[in-house]
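Residue numbers (my numbering): 85 to 257. The beta-carbon is built from N, C-alpha and C at its ideal position, and this holds for glycine as well. Owing to the predicted nature of the structure, the values given are computational and were not obtained by experimental measurement. Please read the structure below before turning to the comments.
Now the structure itself:
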C-alpha cells in the first residue's frame with residue numbers, strides 16, 4: 085500500500101512539474117516572439133532626388149532603389165526578459181565610376197539597437213555618420229513610422245545631400 089501511495093505521489097508530482105514547465109515554455113515563447121516588418125512606403129520629406137543616376141527625380145524612393153536586393157525584413161523586433169532588440173535593414177548607396185560609366189548599386193545595411201524595454205518613441209538616435217533616426221514611433225502593433233536623416237549622392241544636383249525620409253513599416257508575420 086505504501087509502495088502504491090509512493091508511486092501515485094511520484095506520478096502526481098511529475099504531472100505538476102510538467103504543467104509548470106509548459107506554462108513557463110508558453111511564457112518564454114510569447115516573450116521571445118519575433119516580429120518582422122516590411123517597408124510600406126519610403127519617401128522624401130522635402131523634394132525629389134535622383135539617387136540611381138537614371139535622370140529621373142522621385143520623392144518615392146522605392147522607385148529609385150534599382151539593383152536592390154530586398155532583405156527578408158526591413159525592421160525586426162525581438163523581445164526577451166532582459167531587453168528588446170531592434171534590427172533595421174536600410175539601403176546603402178554604392179557608386180562605381182570608371183570615367184565613362186557610373187554604376188549605382190544599393191545594398192542592405194543592418195543596424196542593431198537594444199533597449200531595456202520596448203520603445204514607443206525614439207528620437208535623435210545616431211546610427212552612423214550617414215544615418216540618423218529623427219523619430220521612430222510605434223503607431224500600432226502592426227505599424228511603425230520612421231523619419232530618417234540620410235546622406236546620399238543626388239545625381240540631379242551632382243552633390244552629396246542630407247535629406248529627411250519618411251518610412252512606414254507594416255507587419256509581415
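- Among the residues of its own chain, which have a CB less than 8 angstroms from the CB of residue 129, if the five just before and after it don't count? What you label residue 129 is simply residue 45 of the chain shown in a count that begins at 1. 231, 247, 248, 249, 250, listed in sequence order.
- Buried or exposed: which applies to residue 228, given that a residue is buried once 16 or more other Cβ atoms fall within 10 Å of its Cβ? For the purposes of this step, residue 228 is taken as the residue at position 144 of the chain shown. Buried is the call here.
- Query: Looking at the unbroken beta strand (DSSP E) that takes in residue 184, where does it start and where does it end?
  - Reply: For the purposes of this step, residue 184 is taken as the residue at position 100 of the chain shown. Premise fails: residue 184 is in no beta strand (DSSP E) and is neither H nor E.
- Using 8 angstroms as the threshold, is the segment 157-177 in touch with the segment 201-216, meaning 3 or more CB pairs across them? yes
- Determine the extent of the beta strand (DSSP E) in which residue 244 is found, giving its start and end residues. The residue you call residue 244 lines up with position 160 of the chain shown. Here the beta strand (DSSP E) through residue 244 covers 243-255.
- Task: Count the other CB atoms, across all protein chains shown, that sit within 10 Å of the CB of residue 134; report buried if there are 16 or more and exposed otherwise.
- Result: As a working note, residue 134 is residue 50 in the chain shown. Residue 134 is buried by the Cβ-count criterion.
- Message: Output needed for residue 149: all residues of its chain with C-beta closer than 6 angstroms, excluding positions within five of it in sequence on either side, in chain order.
- Response: By 1-based counting over the chain shown, the position of residue 149 is 65. Excluding positions up to five away in sequence, the list reads 175, 190.
- Message: Nearest by alpha-carbon distance to residue 151: which of 165, 158, 163, 136 is it?
- Response: For the purposes of this step, residue 151 is taken as the residue at position 67 of the chain shown. Minimum Cα distance to residue 151 is reached at 136.
- Message: Give me the DSSP bridge partner(s) of residue 126.
- Response: Walking along the chain shown from the start, residue 126 turns up at place 42. Paired residue(s): 251.
- Check each candidate in 233, 243, 168, 254 and name the one with the smallest Cα separation from residue 200. Indexing the chain shown from 1 puts residue 200 at position 116. Closest by alpha carbon: 168.
- Is residue 90 helix, strand or coil by DSSP? If you number the chain shown from 1, residue 90 lands on position 6. With a pLDDT of 48 at residue 90, under the threshold of 50, the modelled position of this residue cannot be trusted, and the question is left open.
- Output the distance between the C-alpha atoms of residue 181 and residue 243, rounded to the nearest integer angstrom. Along the chain shown, one-based indexing puts residue 181 at 97. Along the chain shown, one-based indexing puts residue 243 at 159. Roughly 15 angstroms separates the two Cα atoms.
- residue 197 beta carbon less than 8 angstroms from that of residue 157: Taking the first residue of the chain shown as 1, we reach residue 157 at position 73. Taking the first residue of the chain shown as 1, we reach residue 197 at position 113. No, they are not a contact pair.
- Nearest to residue 238 by CA position, among 224, 203, 145, 256, is which residue? Counted from its first residue, the chain shown places residue 238 at position 154. Minimum Cα distance to residue 238 is reached at 145.
- Contact set for residue 254: own chain, Cβ-Cβ below 7 angstroms, skip 5 residues either direction: Start at 1 with the first residue of the chain shown, and residue 254 comes out as number 170. For residue 254, where only same-chain residues beyond five positions count, the Cβ hits under 7 angstroms are 121, 122, 124, 226, 227.
- Taking only heavy atoms of the ligand NAP into account, decide whether any of them is closer than 7 angstroms to the Cβ of residue 234. Ligands are entirely absent from the displayed structure, and the ligand NAP is therefore not among its contents.
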